[in-house]
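The structure under discussion appears below in the form of structure tokens.
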Amino acid sequence: MTGRTAEPPTGHDTTPPTADDMKPHFEEVQAHYDLSDVFFGLFQDPSRTYSCAYYERDDMTLAEAQIAKIDLALGKLNLEPGMTLLDIGCGWGSVLQRAVEKYDVNVVGLTLSRNQCKFAQELLDGLDTERSRRILLRGWEQFDEPVDRIISIEAIEAFPQERYAPFFKMCSSVLPEGGRFVLQAILGHPLKKWPELGIPIVMSDLKFMRFIAKEIFPGGSVPGEENIVELSAEAGFTLEQTQFLNKDYARTLDTWAEALEAHHDEAVAATSEEVYQRYMKYLTGCSDFFTRGISELGQFTLVKA
1 MTGRTAEPPT
11 GHDTTPPTAD
21 DMKPHFEEVQ
31 AHYDLSDVFF
41 GLFQDPSRTY
51 SCAYYERDDM
61 TLAEAQIAKI
71 DLALGKLNLE
81 PGMTLLDIGC
91 GWGSVLQRAV
101 EKYDVNVVGL
111 TLSRNQCKFA
121 QELLDGLDTE
131 RSRRILLRGW
141 EQFDEPVDRI
151 ISIEAIEAFP
161 QERYAPFFKM
171 CSSVLPEGGR
181 FVLQAILGHP
191 LKKWPELGIP
201 IVMSDLKFMR
211 FIAKEIFPGG
221 SVPGEENIVE
231 LSAEAGFTLE
241 QTQFLNKDYA
251 RTLDTWAEAL
261 EAHHDEAVAA
271 TSEEVYQRYM
281 KYLTGCSDFF
291 TRGISELGQF
301 TLVKA
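Shown next as structure tokens:
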């Protein structure tokens with residue numbers, strides 16, 4: 001998941017969500033991710049990782065940088081053989097595949113996308129291991145099994161802001177004391193802070209934010225860094241480290257846009273010219289936002305106290 005650019009909430013809602021409020025938003029997620037596996041495959045790397053890559057070296061390919069990002073995140077979890085890792089918003093399964101192969105762990109992935117669920121389960125079923133590998137078509141709101149570690153790569157942006165607090169509480173509730181949670185998230189700044197950050201408030205940027213919220217990721221809400229810090233602490237987590245990858249995301253988005261442009265005809269055949277143009281606008285516009293500091297990308301290492 002990538003590119004959400006809506007303004008972050010300036011505070012958090014303390015009103016307890018009702019049962020209806022806490023139903024996973026299957027339709028909104030499927031509207032994006034179940035568009036076409038063929039279409040996404042035209043610009044993703046072979047692992048189908050749909051999040052910021054980590055260009056540890058300038059000469060890295062996208063595929064190498066995606067593995068480097070996955071390794072960067074998994075390395076912060078202190079995984080041991082036989083542990084159970086939960087991936088919230090597991091995408092097409094590349095993080096869980098790497099975790100099984102490199103750390104010999106049991107894995108559970110949650111996704112609201114039917115296409116991702118099928119693809120990821122088939123991917124994991126093909127691994128030569130005795131470890132448990134489950135992909136569930138389920139939201140985190142429906143999960144309560146104990147696990148040893150949690151990873152979530154750019155999924156929180158799909159949640160309405162009133163679900164941030166329950167999300168962190170759920171993560172805390174299924175982890176043991178000392179359990180580790182790596183959260184990668186796209187971050188935004190409140191508009192009132194833009195001038196002090198040297199970011200002019202212009203109509204074209206506001207229109208692009210509305211475009212993302214309406215046309216690309218309906219129902220989401222990008223957090224601010226302060227939201228993650230405060231709400232994770234309230235749920236019982238200690239923030240051990242924050243690492244920013246802003247330039248890496250701009251390069252990732254540029255690489256995706258170049259690949260999609262190079263496969264214009266195939267993209268149109270898989271979807272339509274309108275979809276192709278919409279995604280080119282989304283990828284190039286989000287790259288510009290990361291380059292100018294309107295959006296940021298943070299990887300947070302949290303430990304349950």
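Oh and the sequence shown: position 72 is 72 in full-length UniProt numbering, straight run, nothing missing. We treat Cβ as the ideally placed atom computed from N, Cα and C, and that holds for glycine.
Give a yes or no on whether the C-beta atoms belonging to residue i and residue j are separated by under 8 Å.
i, j, result
"Ala-99", "Leu-136", "no"
"Asp-144", "Val-174", "yes"
"Gly-219", "Lys-304", "no"
"Leu-79", "Phe-168", "no"
"Leu-302", "Phe-181", "yes"
"residue 307", "Gln-184", "Any answer about residue 307 is impossible in this case: the structure gives the chain only from 1 up to 305."
"Ala-257", "Ser-287", "yes"
"Leu-72", "Ala-267", "no"
"Phe-40", "Tyr-50", "yes"
"Tyr-103", "Arg-251", "no"
"Glu-225", "Gly-293", "no"
"Val-95", "Ile-70", "yes"
Could you check the C-alpha separation between residue i and residue j for me, to the nearest Å?
i, j, result
"Gln-30", "Thr-111", "For Gln-30, the predicted model reports a pLDDT of 49, less than 50, meaning its position is unreliable and no value from the coordinates is stated."
"Leu-197", "Tyr-249", "19 Å"
"Arg-278", "Leu-245", "25 Å"
"Ala-213", "Ala-259", "24 Å"
"Ala-233", "Asn-227", "10 Å"
"Asp-37", "Gly-93", "13 Å"
"Glu-130", "Ala-53", "30 Å"
"Glu-177", "Lys-207", "44 Å"
"Pro-46", "Ser-172", "33 Å"
"Glu-215", "Thr-284", "15 Å"
"Met-83", "Asn-106", "6 Å"
"Phe-26", "Lys-192", "Confidence is the limiting factor: at Phe-26 the pLDDT is only 48, short of 50, which leaves the residue's position unreliable, though a coordinate-based value still follows. The alpha-carbon atoms of Phe-26 and Lys-192 are separated by roughly 33 Å."
"Met-209", "Gln-97", "34 Å"
"Pro-81", "Ser-132", "12 Å"
"Thr-291", "Lys-281", "15 Å"
"Asp-205", "Ala-235", "34 Å"
"Val-147", "Arg-134", "13 Å"
"Thr-255", "Gln-44", "9 Å"
"Phe-217", "Gln-243", "25 Å"
"Ser-113", "Lys-247", "29 Å"
"Asp-58", "Tyr-276", "29 Å"
"Thr-271", "Asn-115", "15 Å"
"Leu-253", "Phe-211", "17 Å"
"Gln-121", "Ala-155", "19 Å"
"Arg-48", "Phe-237", "31 Å"
Quick check on DSSP: helix, strand or coil for residue i?
i, result
"Glu-273", "helix"
"Thr-255", "helix"
"Leu-136", "strand"
"Asn-106", "strand"
"Asp-71", "helix"
"Ile-294", "coil"
"Phe-26", "Unreliable positioning characterises Phe-26 in this predicted model, as indicated by a pLDDT of 48, which lies under 50. A coordinate reading is not provided."
"Ile-199", "coil"
"Glu-101", "helix"
"Glu-240", "strand"
"Leu-245", "coil"
"Ala-305", "coil"
"Gln-184", "strand"
"Gln-142", "helix"
"Arg-61", "One point to set straight first is that residue 61 is Thr, not Arg, in the sequence displayed. Residue state, collapsed to three classes: coil."
"Arg-149", "strand"
"Leu-79", "coil"
"Phe-43", "coil"
"Phe-300", "strand"
"Leu-96", "helix"
"Asp-87", "strand"
Given a threshold of 16 other Cβ atoms within 10 Å of its Cβ, counted over all protein chains shown, does residue i qualify as buried or as exposed?
i, result
"Glu-274", "exposed"
"residue 315", "Because the chain in this structure spans residues 1 to 305, residue 315 falls outside the shown range and cannot be described."
"Gln-241", "exposed"
"Ala-269", "exposed"
"Leu-239", "exposed"
"Tyr-33", "Any reading at Tyr-33 must be qualified, since the residue scores a pLDDT of 49, below 50, and its modelled position is unreliable; no value is offered."
"Lys-76", "buried"
"Pro-223", "buried"
"Met-170", "buried"
"Val-202", "exposed"
"Phe-300", "buried"
"Glu-101", "exposed"
"Glu-296", "buried"
Cβ pair count under 8 Å reaching 3, the segment 121 to 141 against the segment 57 to 65:
no
Taking three-plus beta-carbon pairs below 8 Å as touching, is the segment 82 to 89 in contact with the segment 139 to 159?
yes
Counting beta carbon pairs with one atom in the segment 158 to 176 and one in the segment 190 to 208, are three or more of them shorter than 8 Å?
no
The segment 182 to 191 touching the segment 259 to 269, judged by at least three CB pairs closer than 8 Å:
no
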